[in-house]
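Asker:
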Amino acid sequence: MHNLARPTSRPLRLLSDMQAMMEETQAFENRVLERLNAGKTVRSFLIATVELLTEAVNILVLQVFRKDDYAVKYAVEPLLEGSGPLGDLSVRLKLIYGLGVISRAEYEDAELLMALREELN
Numbered sequence: 004m005h006n007l008a009r010p011t012s013r014p015l016r017l018l019s020d021m022q023a024m025m026e027e028t029q030a031f032e033n034r035v036l037e038r039l040n041a042g043k044t045v046r047s048f049l050i051a052t053v054e055l056l057t058e059a060v061n062i063l064v065l066q067v068f069r070k071d072d073y074a075v076k077y078a079v080e081p082l083l084e085g086s087g088p089l090g091d092l093s094v095r096l097k098l099i100y101g102l103g104v105i106s107r108a109e110y111e112d113a114e115l116l117m118a119l120r121e122e123l124n
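With our numbering, letter number 74 in the sequence shown gets 77, and the count goes up by one each step, no holes.
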């Protein structure tokens, strides 16, 4: 009988994990929407959009590189700093596109958003 109880606890744990992940996703989406709605002009909307895009690209770039603390601190972070070779958002976008992390359509959309923002500056 003890063995029968074990399989039912696993689906419950998976269900609670899925619920936690959905709540985390919902919290993230709410944060994004709040930031986008905070501005009063198209320009402020595009600035917030590119800032959120920058955060997302940074997360994707970090996922591509080694995960150990030493590599991140001494190899990856210097690449991403403002003066580093990956300091520019458009370069980081090209990197994750070239590595197949994002699609061509996503890459082109991101470039268009950045161009729109620059046009309104």
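Note that CB positions come from ideal geometry on N, CA and C, so glycine has one too. As the structure is a prediction and not an experimental result, all values here were calculated from the model.
Starting from Glu84, follow the alpha helix (DSSP H) in both directions and report where the run begins and ends.
Answerer: First-last for Glu84: undefined, no H or E at that position.
Asker: I believe Leu83 touches Met117 by the beta-carbon criterion, under 8 Å. Please report the beta-carbon distance rounded to the nearest angstrom.
Answerer: Actually they are not in contact, since the Cβ atoms of Leu83 and Met117 sit about 17 Å apart, beyond 8 Å.
Asker: Measure how close the beta-carbons of Arg46 and Leu123 come, nearest whole angstrom, since I'm counting them as under 8 Å.
Answerer: Confirmed, about 4 Å.
Asker: Quick check: the region 60-67 against the region 90-109, are at least 3 beta-carbon pairs closer than 8 Å?
Answerer: Segments in contact, yes.
Asker: Return the CA-CA distance between Ala23 and Thr57, expressed in angstroms with no decimal places.
Answerer: Rounded to the nearest angstrom, the two C-alpha atoms are 26 Å apart.
Asker: Out of Leu39, Met21, Val75, Ser86, which one is the CA nearest neighbour of Thr52?
Answerer: Of Leu39, Met21, Val75, Ser86, the residue nearest in Cα terms is Leu39.
Asker: Whole angstroms is fine: what's the gap from Ala8's alpha carbon to Ala74's?
Answerer: Because Ala8 sits at a pLDDT of 49, beneath the cut-off of 50, its placement in the model cannot be relied upon, and the following sentence gives the value as read from the coordinates. Rounded to the nearest angstrom, the two C-alpha atoms are 44 Å apart.
Asker: Arg120 and Leu49 look like a contact to me (Cβ under 8 Å); what is the Cβ gap, rounded to whole Å?
Answerer: Between Leu49 and Arg120 the Cβ distance is about 4 Å, and since that is below 8 Å, they are a contact.
Asker: With DSSP run on the structure shown, which of helix, strand or coil describes Thr52?
Answerer: Thr52: helix per DSSP, three-state reduction.
Asker: So what does DSSP say about Glu122, is it helix, strand or coil?
Answerer: Three-state result, Glu122: helix.
Asker: What is the rounded straight-line gap between the Cα of Lys76 and the Cα of Pro88?
Answerer: About 16 Å.
Asker: With burial defined as no fewer than 16 other Cβ atoms inside 10 Å of the residue's Cβ, what is the status of Glu109: buried or exposed?
Answerer: Counting Cβ neighbours within 10 Å, Glu109 comes out exposed, since fewer than 16 surround it.
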